[in-house]
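All the letters of the first sequence, read from the start, carry residue numbers 2 to 955 under the numbering used here.
Note that CB positions come from ideal geometry on N, CA and C, so glycine has one too.
Note that the coordinates shown come from a computational prediction; the quantities given were computed from them, not determined experimentally.
As structure tokens, the structure follows; a few thoughts come after it.
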Amino acid sequence: MDYKHSETEDKWRKHWEEHKTYKVENNSEKPKFYVLDMFPYPSGAGLHVGHPLGYIASDIYARYKTLKGFNVLHPMGFDAFGLPAEEYALQTGIHPATSTQQNMLGYKEQLGTLGFSFDWSREICTCVPDYYKWTQWIFTELFAHYYDLTQDKSVSIESLKEEFSKNGNLQVQASHTHLEEFSAAEWSAYSAKEQEDVLTNYRLAYRKVGYVNWCEELGTVLANDQVKDGLSERGGHPVEQKAMTQWYLRITAYAERLLNDLDTLNWSDALKTIQSNWIGRSEGASLFFDVDGSNEKIEVFTTRPDTIFGATYMVLAPKHELVAQLTNEKNKSTVADYIKHVGSKSELERMSNKEVTGVPLGSYAINPFTQKKVPIWIAEYVLKDYGTGAIMAVPSDDERDNAFALKFGLEIIPVVDKSDFPDAGMSDKLGKMMNSEFLNGLSVKEAIALMLKKVEERKIGSRRINYKLRDANFSRQRYWGEPFPIVYNADDIPEALPLDKLPLVLPDTDDFKPGKGGESPLSRLKDWANLENGYSRETDVMPAVAGSSWYYLRYMDPQNDGSFASSEAIEYWQDVDLYVGGAEHAVAHLMYARFWHKFLHDKGLVPTIEPFKKLINQGMIQGVIEFLYMLREKENGESVFHCAGIADQHPENDYVKIPIHVDFVNDYGSKKSYLDKIGIDKFIAWRPAYKNALFICTKGNYQSGVFTPNSNDAESHLLTHSEVGKMSKSKFNVINPDQVVNDYGADCFRMYEMFLGPIEQSKPWDIQGIEGVSKFVKKYWRLFHNEENAFTISEEKANEEELKILHETIKKVQSDIEKFSFNTAVSQFMICANTLKKLNCNKREVLYPLNILLAPFAPYITEEIHSKFGHKESVHHSAYPVHDEKYLTASTITIPLCVNGKKRSELIVSPNMSKDEMETAAKNDAQIIKWTEGKEIVKVIIIPGKMVNIVVKA
RNA sequence: GCCGAAGUGGUGGAAUUGGUAGACACGCUGGAUUCAAAAUCCAGUGGCUUCACGGUCGUGUGGGUUCGAUUCCCACCUUCGGUACCA
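As structure tokens, this is what we get:
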């Protein structure tokens, strides 16, 4: 009789729920440990086998830490606002509130069967008013603060106003958008609206007109990281540039800290590099160029001030503020045409076709070092949003400037002699300066340093650090998000709602489709949007990253009505010790969450400077996509499909690859995967358009239910083409965990996903291998049960061998869990079970601790066995076994004997045998004598307890 | 282009600081059990070579360091991920 997984798992799932086995308290004598999963979007598709990979890993770790005596916070919730939820709602026509609610129930059900130790009493959901009240509140706080560079932290905007009324902004050092100097007197003379227009340049949450990624299909603005290759990440629709007034978060104020504090984190180097590249810090100088015959100055940013003697022209971004002013009368129409041309291009066109374009403005700037007049151009390759939106072009030492100068016949003056570095690229900082007056003969490095000094002496610029990181666009012209807690007065001055007016609840409507031309759905709700006394509401909503930027704090104290979490709870839980989630959030979510955390830290609301100490990116479990080859040309009006065997031999044929549902395919995922007649019929039933299609395989043809064999073969055998790819509904290759759990049990499923390979690695799902784990579970059960399936445990003392395998397993599994090497831990459990089986061991002294050891991996079967041992308390609340080295030292060990590094023989020795004894024993070994005979022994290398190597000369 | 990660049997993958390459598992082959099957158990399983003992080649490719290299160094190839007119 075998182990009955479904009975056992149902029983304990109910038991754990009733007994609140996984409930965690905020006060405990035990040390705290916080294990967090990235919470899911509750999409309609439900979970596939890839989703739980990270959850299983974190659950094992959380359970392990609990057994090790920690008070472990391991919560779960839902990221329910945002595009995916809304897209699903739009597809189905069901209100997003209803559909997300349904989907969440489905997710909870699925997560429940997998036996996770989540404390569901702490469940949160970003779209619930009790939660987003605090998302809105944090936004109002960002609105009410600016970043003070002298204190290097956020400070209330009120103190900035005070400073303005005393001294204007002349002495203010703060992160800001746009600098116009004013005195205290000027400030006081400003109207309220003018004052707000100044303040908005300092606020951490502010409005500005920006060119944003507009997607007409989705009817919304997208964040930079939602755009991939000029297409929207979701749906792959074209994206163009559009001017709109938007809310932004001044994340750039924190750029330096976001970069520097990466050093304090226990994240993978790969991930830190991604973040650091995203922040993109570069050191250089900002320089001012006078304009010939004008008072205007053009500010440029350069990392190569040393090359200024080679700056033979300047380029402004087409959207630069000075373009109109600096355009010569006779160039007006060509410039206007060019700007129009550039503006009409979609992001996709711009990216795919990087041709060199530009037009001259007809005006000239003065090179501050050569005093020569240099022409001013505008060109696409200079970006409005980076640096100052203008460059000094040095065609001798910059590839883009070079290509531009060559195309338009502009002067090129070589200023760096790179003859000593023949392999150097054009912009590499190598070589000696030339044609550069006082810099001549200096190395590039020396020249940069000297130039920075000169620039500051002559007051034509200053050292400057620039970041690629842009301020975060925070507005979405959508329905399903947090409404901004902002109202505008009659003068269009934004005011934040006070805490007692929060949450500002998202109004209920059935008209939630995005509007055309950037019209927000909320703006159609006039009763809601328009208030008394000329006041009106902001009608955009926040993006999905808003709710996920601080959710880890809410879990600490999820029901708190007076603050986002009590200071006691935050003081106790501090930060997340282990965070597990997908690498797709490497940039956006992790960056914003770190930013918000640092802001809250500046306000003294969180004690730590970083939210996530240790981070693991689990790999993706991929699916196999099965394709049929269809000829693009129809034959007699019917589609023709070819067997992969035929198609592979005829690459000249014009095929379309049609993805088909994997359920129809035999030997799914293998090279021999094929459709039999039943499979083809299923395919036709699924896609009736192919009802009368012709299917040609090597053994014959199949059409309209009739198989015509070529010879005497009776079977049709239509080979399909298999590829590994993302598991996705659109590829019809989603494997649902429910079926696997139903067949093999959650314990087996959990262990199998861990056994597949290293947690951080992506791998295709392969159901065949699960048999091995299934056998292990059954074998494990039989260690405790006799032939009649009765629990049979011996009280006999364990022998040396039995204790050795137990203690080896304790040691190995513990160190593997600490290293997140779960696949090798599972393997050790198999070795242990195989060994105990061979030893016929059913002794309590061995099996009882082993069962606790396995509990984090297989929570159900171990709970069942633990209760059979007679314990009332859950196995998940017992104490982790401790290994004892004394059982691990074997009386004899086998070491290899090598000649010239190649193993030639083995020697069984006691581990504390002396070097001399080992050498003698090795030299007397028959095999070794054979290999050393007649040769000179040069050296004998002995690593005690490891190996002996004899070096001989022929 | 730049940055990052990785290349090990038929397959997924093991291998502390350089020290027996291929643990564990899948698959496959043979056997036991069975009327038969499922399940279970046992044995074998990197290539080549040998009746056998054994030999020999093997961790993407080519070099190097070393008594000894999957591990360290140099050059290159391939795959995957990130990013891209960032001045």
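{"Check": "Just the Cα atoms here: how many angstroms apart are Glu962 and Thr313?", "Outcome": "Nothing can be reported for residue 962, as the shown portion of the chain is limited to 2 through 955."}
{"Check": "Residue range of the alpha helix (DSSP H) that Asn403 falls in?", "Outcome": "Glu400 to Phe409"}
{"Check": "Flag this pair as yes or no: are the beta carbons of Phe756 and Asn824 separated by less than 7 Å?", "Outcome": "yes"}
{"Check": "Please name the residue, chosen from Ser155, Gln740 and Leu84, that lies closest to Leu601 on a Cα-to-Cα basis.", "Outcome": "Ser155"}
{"Check": "According to the Cβ coordinates, are Asn474 and Val240 closer than 7 Å?", "Outcome": "no"}
{"Check": "Do you know whose CA, among Val666, Met105, Asn531 and Lys764, lies nearest Leu718's CA?", "Outcome": "Here residue 718 turns out to be His, not Leu, going by the sequence shown. Measuring from the Cα of His718, the nearest candidate turns out to be Val666."}
{"Check": "Of the choices Pro369, Lys469 and Asn354, whose alpha-carbon is the least far from that of Ile309?", "Outcome": "Pro369"}
{"Check": "Distance check for Glu533 and Tyr340, CA to CA, integer angstroms please.", "Outcome": "According to the sequence as given, residue 340 is Ile; it is not Tyr. Computed Cα separation, rounded: 42 Å."}
{"Check": "Straight-line CA distance for Gly706 to Leu848?", "Outcome": "59 Å"}
{"Check": "Candidates Asp603, Tyr23 and Leu91: which alpha carbon is nearest Ser122's?", "Outcome": "Tyr23"}
{"Check": "Mind checking whether Phe513 and Tyr536 have CB atoms under 7 Å apart?", "Outcome": "no"}
{"Check": "Should Lys396 be labelled buried (16 or more other beta-carbon atoms within 10 Å of its own) or exposed?", "Outcome": "Correcting the residue identity first, residue 396 is Pro in this sequence and not Lys. Buried is the call here."}
{"Check": "Confirm, please, whether the CB-CB distance from Ile853 to Ser879 is below 7 Å.", "Outcome": "yes"}
{"Check": "So what does Lys33 bridge to, in DSSP terms?", "Outcome": "Asn72"}
{"Check": "Taking the alpha helix (DSSP H) that Asp528 belongs to, which residues open and close that run?", "Outcome": "Lys527 to Ala530"}
{"Check": "Using DSSP's beta-bridge definition, name the partner residues of Cys899.", "Outcome": "Lys904 and Asn950"}
{"Check": "So Leu327 and Gly462 are in contact, right, with Cβ under 8 Å, and what is the actual spacing, rounded?", "Outcome": "Actually they are not in contact, since the Cβ atoms of Leu327 and Gly462 sit about 19 Å apart, beyond 8 Å."}
{"Check": "Measuring alpha carbon to alpha carbon, tell me which of Arg208, His643, Ala922 and Leu498 ends up nearest Ile909.", "Outcome": "Ala922"}
{"Check": "So what's Asp512 in DSSP terms, helix, strand or just coil?", "Outcome": "coil"}
{"Check": "Quick check on the DSSP output: what are the complete beta strand (DSSP E) runs of length 3 or more inside the stretch 190 to 276, in order along the chain?", "Outcome": "206 to 216, 221 to 223 and 241 to 250"}
{"Check": "Express the C-alpha separation of Leu54 and Glu754 in angstroms, rounding to a whole number.", "Outcome": "6 Å"}
{"Check": "How many Å lie between Val588 and Trp279 at the Cα?", "Outcome": "7 Å"}
{"Check": "Can we say the stretch 157 to 172 touches the stretch 182 to 189, given the rule of at least three CB pairs closer than 8 Å?", "Outcome": "yes"}
{"Check": "Quick check on the burial criterion: 16 or more other C-beta atoms within 10 angstroms. Buried or exposed for Thr151?", "Outcome": "exposed"}
{"Check": "Rounded C-beta distance between Lys780 and Lys838? I'm assuming under 8 Å.", "Outcome": "6 Å"}
{"Check": "What are the boundary residues of the alpha helix (DSSP H) that His602 is part of?", "Outcome": "Ala589 to Asp603"}
{"Check": "What span of residues does the alpha helix (DSSP H) with Trp378 cover, start to end?", "Outcome": "Taken as a continuous stretch (DSSP letters only), Trp378 belongs to no alpha helix (DSSP H), being part of the beta strand (DSSP E) at Lys374 to Ile379."}
{"Check": "Within a Cβ cutoff of 7 Å, which residues of the same chain sit near Asp270, ignoring the five residues on either side of it in sequence?", "Outcome": "none"}
{"Check": "Between the alpha carbons of Lys331 and Leu200, how many angstroms are there, rounded?", "Outcome": "39 Å"}
{"Check": "In this structure, does DSSP put Asn354 in helix, strand or coil?", "Outcome": "coil"}
{"Check": "Please return the same chain residues whose Cβ sits closer than 7 Å to the Cβ of Ala404, not counting the five positions on each side in sequence.", "Outcome": "Val357"}
{"Check": "Would you grab the beta carbon distance between Thr863 and Val876 for me? Rounded to a whole angstrom, and I think it's under 8 Å.", "Outcome": "5 Å"}
{"Check": "What did DSSP end up calling Asp472 once you bin it into helix, strand or coil?", "Outcome": "coil"}
{"Check": "Closest by CA to His590, which one among Met621, Ile252 and Tyr489?", "Outcome": "Ile252"}
{"Check": "Among Arg555, Asp198 and Asn490, which has the Cα closest to the Cα of Thr127?", "Outcome": "Arg555"}
{"Check": "What residue range is occupied by the uninterrupted alpha helix (DSSP H) comprising Gln137?", "Outcome": "Pro130 to Phe144"}
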